[in-house]
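For the record, the sequence lines run as chains A and B.
Take the first sequence: its position 232, counting from 1, is numbered 232 in this note's numbering, and each next residue is one higher.
Take the second sequence: its position 392, counting from 1, is numbered 1392 in this note's numbering, and each next residue is one higher.
There are 2 protein chains.
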Amino acid sequence: MKKIDGWVTSPKGFEAAGVKAGIKVSGNHDIALIYSTVPAATGAVFTQNKMCAAPVLVSREVAANPYVQAIAINSGCANACTGEQGLEDARKMQAIAAELLDLEPNSVYVCSTGVIGQFLPMDKIEAGFVAAEEVLSEEGGEDCAKAIQTTDTFIKHVGYETIIDDKTVTVAGIAKGAGMIHPNMATMLTFLTTDAAIAPDVLKAMTKKIADKSFNMVVVDGDTSTNDTMIILANGLAENEIIISEEHPDYQAVYDLMLACAQELAKLIAHDGEGATKFLEVNVVGAATWEDAKTAAMAIAKSPLVKTAFFGQDPNWGRIVCAAGYSGAEMDSSKVNLEIGNIRLVESGMNCNVALEKLAPVMSEHDISLTIDLGVGKEEATVWTCDFSYEYVKINGEYHT
Amino acid sequence: MKKIDGWVTSPKGFEAAGVKAGIKVSGNHDIALIYSTVPAATGAVFTQNKMCAAPVLVSREVAANPYVQAIAINSGCANACTGEQGLEDARKMQAIAAELLDLEPNSVYVCSTGVIGQFLPMDKIEAGFVAAEEVLSEEGGEDCAKAIQTTDTFIKHVGYETIIDDKTVTVAGIAKGAGMIHPNMATMLTFLTTDAAIAPDVLKAMTKKIADKSFNMVVVDGDTSTNDTMIILANGLAENEIIISEEHPDYQAVYDLMLACAQELAKLIAHDGEGATKFLEVNVVGAATWEDAKTAAMAIAKSPLVKTAFFGQDPNWGRIVCAAGYSGAEMDSSKVNLEIGNIRLVESGMNCNVALEKLAPVMSEHDISLTIDLGVGKEEATVWTCDFSYEYVKINGEYHT
């Protein structure tokens, strides 16, 4: 597997575009198109928020198709909490993009991200997609990635390729993240493209597995958005032998490529958590079940007390152990071990009295890893998160409704 | 029911003390005693954190008694994550206080709050209780309240009295709060005293009910402490006819007194949330069940996005509706209504487009109430919380381990 400078246009047969349509107050890119020149197998996962946005309702129908061909996206307005009109607008946005691309509406996903509770400015949406279609090309990957951002501070894009059946198979992806990140299905918006040949039903099952091991293991603030969406398009143009089951000899290679892209995007989202000054990897080992390991890791990763301690570079291990304790995960308080970096702070549930000076170099790093052993089993899980800073409060106290 | 300037010494037959024993680095009061001159019926609830502190283990045994007589408390050191030695220290602290008061150890609760992972400085603990016992009196209520604080910015104390059977019955209480406040049983430390005559088994059941309607409805940061404890002592010296069942005609009057005290203390804890600039009352109505109403209210109250929005005085109702949506509570997105203050912002799931200027006066208040109608039933619940400010990050980023 080889890492590449990947964009959604890196796999064969994908074109993309990103344009400025005036939806964002900032005037930045806000309309994006991703297009496969041939029908692509698809899998997708969506937010489980009961107040899910109109485009999610529409895209859920699209995801039921075996093959689709495009994704139409806007940022700056989430089209959430917009009732019947919001649903009509989402369908209209889908129809506009479909007509421009000469596709059936039902083979075009629609995604929106931005402010909740406002109607889509349909004039700008229409003009934006007209402009986007005009510049749609294999060179449009970067503009497309720009156009899906909101409070992101950097563009999140990845790509990997490998050889399968003597063919080069490529997977690439982009994501937007930053706030309202919580793993109750997928992340904010993530799009993976690949030229791998894979049967639609195999891809749909794989999509869920990939999400569970990547975007569902990231938490910034514990808030599950109304619009979270992860979509995979696989158009088969790499011409590997089509993967028609999990038992196919090339299944694992394609899964590994997808997972590598998804996990890297997931970590980038944590890196770019709103106001983040630290990237934290929370490893839970010695758990009775994988669910328990994830539950404990999530409790630690979501704890404002833990997150502010890391912001303050304070190795306040009591808060970490405490969060595991209230998570509900089974644990043996007399067997708990905790390490930050490679320094053991708690052994058998008790303070190791490590000198603060010894920990200072670890705590001053940007990327910090901690591992807690619950002392009751052999299962483990890893969650990625960031710290909680003054800047998080500033960004979210001043973001305009 | 009449509100009084209450301390734990306000009910008949209670004495208290608070002294400076040098456990806190600040040099402030850190050893407290609460003493009933006669055996008092008791009820208590404790943290459900699996990493619960040593004093919680000891006090759980004490709570099994029908009658007890004292509570021995220290602040500055939580005696949590301290293993076997911590347990020995907690038992020793209990024995020290018991001997000074000429009681059986098993009739003395022990409570600790402060930094996790450090052993109790037993020399200071012993000298502190010797000093506290010397000044134990009916005038010691205020010093006692001071001695249970950690990052609190004001002393939390309440009292109510009423006439039952021609006798004045008084309930009073103190609490410490501020951080690691989350309702997985009781709050940090709360002690209620009363001279009401009530049978131990009736009081024990009442204690759980009171906690569920007061401290379990407060959230500051979502972290459940290792030390949360709520204890009620009822010594019967008011000489009302003893309440031996829930059917007793005076049961409700005593329950109301207790609940009034507990709810007021609970609200004071939210008022004094670490770094709080706002007190928020989150009302959920129209829920299918009380549990759903509480679940949705808690999700809103815990959401960092909601809390930072209130800090920024930004009526970002999308985040409120979104939090209810991911809470798991049953709701009908097309019937959701939301009001902040008395201004309706969302009707039938849609934006009412209220001008920001109209909301500015409400958002600038210190105390803000919001009400969300889930549109599916008749149950309701109220949760109290505070906003999330720069100061929260400062306090918790710089609190020393």
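Ideal Cβ positions, reconstructed from N, Cα and C, are used throughout, including at glycine.
Asked	Found
Positions along the segment 45-56 of chain A whose CB lies within less than 9 Å of some CB in chain B	THR47, GLN48, ASN49, LYS50, MET51 and CYS52
Inter-residue spacing [alpha-carbon to alpha-carbon] between ASP1195 (chain B) and ALA287 (chain A)	48 Å
Contact under 7 Å by Cβ, VAL45 (chain A) with THR193 (chain A)	no
Residue closest to ASN1337 (chain B), alpha-carbon to alpha-carbon, out of A:GLU365, A:CYS81 and A:VAL38	A:CYS81
Closer than 7 Å to chain B by CB, LEU305 (chain A)	yes
Distance, PHE388 (chain A) Cα to PRO315 (chain A) Cα	14 Å
Any C-beta of chain B under 7 Å from that of VAL393 (chain A)	yes
Neighbour flag for ALA186 (chain A) against chain B, beta carbons, 7 Å	Annotation note: pLDDT 30 at ALA186 (chain A) (below 50); position unreliable, coordinate value reported separately. No, its Cβ sits nowhere closer than 7 Å to a Cβ of chain B.
Contact set for ALA1205 (chain B): own chain, Cβ-Cβ below 8 Å, skip 5 residues either direction	GLY1043 and GLU1246
Backbone secondary structure at MET1180 (chain B) - three-state DSSP	Confidence at MET1180 (chain B) is low in this model, with a pLDDT of 47, below 50, so its placement is unreliable and the value that follows should be read with caution. Three-state DSSP puts MET1180 (chain B) in coil, outside helix and strand.
Neighbouring residues, chain B, relative to GLN149 (chain A) (Cβ below 9 Å)	Here the premise fails: no neighbours, minimum Cβ distance about 18 Å.
Alpha-carbon spacing of PRO55 (chain A) relative to ILE1340 (chain B), whole angstroms	27 Å
Cα-Cα separation, GLY128 (chain A) to MET93 (chain A)	10 Å
Within-7 Å CB hit, CYS1311 (chain B) to chain A	In the sequence as presented, Cys is not what sits at residue 1311 (chain B); that position holds Phe. Yes, PHE1311 (chain B) counts as interfacial toward chain A.
Where ASP1373 (chain B) falls: helix, strand or coil (DSSP)	strand
Proximity below 7 Å, CB of CYS1144 (chain B) to CB of GLY1114 (chain B)	no
Coil, strand or helix - PRO1121 (chain B) by DSSP	coil
Nearest-angstrom Cβ-Cβ length linking ALA1211 (chain B) and MET1188 (chain B), presumed shorter than 8 Å	At roughly 13 Å, the Cβ-Cβ gap does not stay under 8 Å, so ALA1211 (chain B) and MET1188 (chain B) are not in contact.
Residues of its chain near PRO1183 (chain B), where Cβ-Cβ distance is below 7 Å and the 5 sequence neighbours each way are ignored	Here the model assigns PRO1183 (chain B) a pLDDT of 36, short of 50, so the residue's position is not dependable, and the following value carries that caveat. Excluding residues within five positions, the ones whose Cβ falls inside 7 Å are PHE1215, ASN1216, MET1217, VAL1218 and VAL1219.
Beta-carbon proximity check, VAL1158 (chain B) vs LEU1265 (chain B), cutoff 7 Å	yes
Neighbourhood of PHE1310 (chain B) by C-beta distance below 7 Å, restricted to the same chain and skipping five residues each side	LYS1278, LEU1280, ILE1368 and ASP1387
Runs of beta strand (DSSP E) wholly within the segment 1059-1098 of chain B (minimum 3 residues, chain order)	1067-1077
Nearest to THR1381 (chain B) (by Cα), restricted to the options B:TRP1290, B:ALA1090 and B:THR1308	Reading off the sequence shown, one finds Ala at residue 1381 (chain B), where the question assumed Thr. Checking every option, the nearest Cα to that of ALA1381 (chain B) belongs to B:TRP1290.
Own chain residues within Cβ distance below 6 Å of VAL137 (chain A), not counting five before or after	A small correction: the amino acid at residue 137 (chain A) is Ser; Val does not occupy that position in the sequence shown. The answer, listed in chain order, is GLU15.
SER389 (chain A): contacting residues in chain B (beta-carbon distance under 7 Å)	VAL1393
Residues of its chain near SER1303 (chain B), where Cβ-Cβ distance is below 7 Å and the 5 sequence neighbours each way are ignored	ARG1319 and ALA1323
Nearest candidate by alpha-carbon position, reference LEU203 (chain A), set A:PRO66, A:THR308 and A:PRO361	A:PRO66
Buried or exposed by the 16-neighbour rule on C-beta atoms within 10 Å, applied to MET1051 (chain B)	buried
Any C-beta of chain B under 7 Å from that of ASN351 (chain A)	yes
Proximity to ASP1102 (chain B) [Cα-Cα], best of B:GLN1069, B:ILE1073 and B:ILE1372	B:GLN1069
C-alpha distance - ALA965 (chain B) paired with HIS271 (chain A), whole-angstrom precision	Here chain B covers residues 1001 to 1401 and nothing more, so residue 965 (chain B) does not appear.
Alpha carbon of ALA1260 (chain B) to alpha carbon of GLY349 (chain A), nearest angstrom	39 Å
Chain-ordered residues of the segment 1113-1139 of chain B with a beta carbon less than 9 Å from chain A	VAL1115, ILE1116, GLY1117, GLN1118 and PHE1119
Inter-residue spacing [alpha-carbon to alpha-carbon] between ASN74 (chain A) and PHE191 (chain A)	13 Å
Local conformation of MET1 (chain A) per DSSP, three classes	coil
Whether ALA17 (chain A) touches ALA132 (chain A) by CB criterion (7 Å)	yes
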